[in-house]
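In full-length UniProt numbering, the protein residues as written are 1 to 264.
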């Protein structure tokens, strides 16, 4: 990964937030008004004060971010109510999305509606991602975001290969998460697409300089990010059911997944 342009140290949440506000040309007062905070509360975070849980829960929707992603960026432990319902559902989540992106847009919408229509089950246990990324730098935090989409390293490898140009071994995602490999502009763009985050904003948050602004993700990738996010609410049994529905919509005999499908 010699093309890496990312920094290796975490600049702190305040610095990341300041960079994002600067990129958006969003002022302190406007953010405070949107989040129901005082300007002084926002300024304190920008000056380096560690944000509390309540403040992050207010800032996230004001910035149109998933709250769990801001918790991870801020280095806070993710509360149970923000975690995927069932870690065991992660076995099926990549296949739901991989089969879905091979379907027409109308059928992808049907799958999304199916996921949202299923009743919410009781959480079977505290969510614990296997080999949770440990590094405090940008690579570790982005990999943790993917893990809180209920993706294992293997799930990341399979899903990113199908919906983006990134084709890496499962172990490489562990290396990135441990801070032993830098993020590249390509990785930031593709991770952002799957996370449903603007690639330029993720570049700002991670400190990875992108020489040329990436094009917007294909509609299949946008739908993939939405499906992956909504699948977090499923139990393992529900996820298996949705996966079977997605496969049947493709045709039971069609088990081929095309690499970088939206770019094919």
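The beta-carbon is built from N, C-alpha and C at its ideal position, and this holds for glycine as well. All figures in this text were calculated on a predicted structure; none of them were measured in a lab.
With 16 other Cβ atoms within 10 Å as the buried cut-off, status of residue i
| i | result |
| --- | --- |
| residue 73 | buried |
| residue 119 | exposed |
| residue 54 | exposed |
| residue 184 | buried |
| residue 99 | buried |
| residue 64 | exposed |
| residue 180 | exposed |
| residue 38 | exposed |
Nearest candidate by alpha-carbon position, reference residue i, set the options
| i | options | result |
| --- | --- | --- |
| residue 222 | 50, 105, 92 | 105 |
| residue 60 | 167, 85, 109, 32 | 32 |
| residue 227 | 131, 116, 30 | 116 |
| residue 125 | 201, 153, 144, 80 | 80 |
| residue 47 | 19, 195, 260 | 19 |
| residue 88 | 77, 157, 123, 66 | 123 |
| residue 158 | 224, 217, 241 | 224 |
| residue 231 | 143, 90, 24 | 90 |
Enclosing alpha helix (DSSP H) for residue i [first to last residue]
| i | result |
| --- | --- |
| residue 182 | Neither: residue 182 is in no alpha helix (DSSP H) and is coded neither H nor E. |
| residue 206 | 199-206 |
| residue 68 | 67-73 |
| residue 29 | 28-35 |
| residue 91 | Looking at the DSSP string, residue 91 is not in any alpha helix (DSSP H), and its letter there is neither H nor E. |
Residue i, DSSP secondary structure in three states
| i | result |
| --- | --- |
| residue 234 | coil |
| residue 122 | coil |
| residue 130 | coil |
| residue 163 | helix |
| residue 259 | coil |
| residue 209 | coil |
| residue 265 | As displayed, the chain neither begins before 1 nor continues past 264, which places residue 265 out of reach and without an answer. |
| residue 111 | helix |
| residue 78 | coil |
| residue 173 | helix |
| residue 13 | helix |
| residue 248 | helix |
CB of residue i within 8 Å of CB of residue j, strictly
| i | j | result |
| --- | --- | --- |
| residue 93 | residue 150 | yes |
| residue 235 | residue 114 | no |
| residue 111 | residue 256 | no |
| residue 187 | residue 16 | no |
| residue 170 | residue 189 | no |
Distance cut-off 7 Å: residue i Cβ against heavy atoms of the ligand ADP
| i | result |
| --- | --- |
| residue 234 | The ligand ADP is absent from the structure shown, which contains no ligand whatsoever. |
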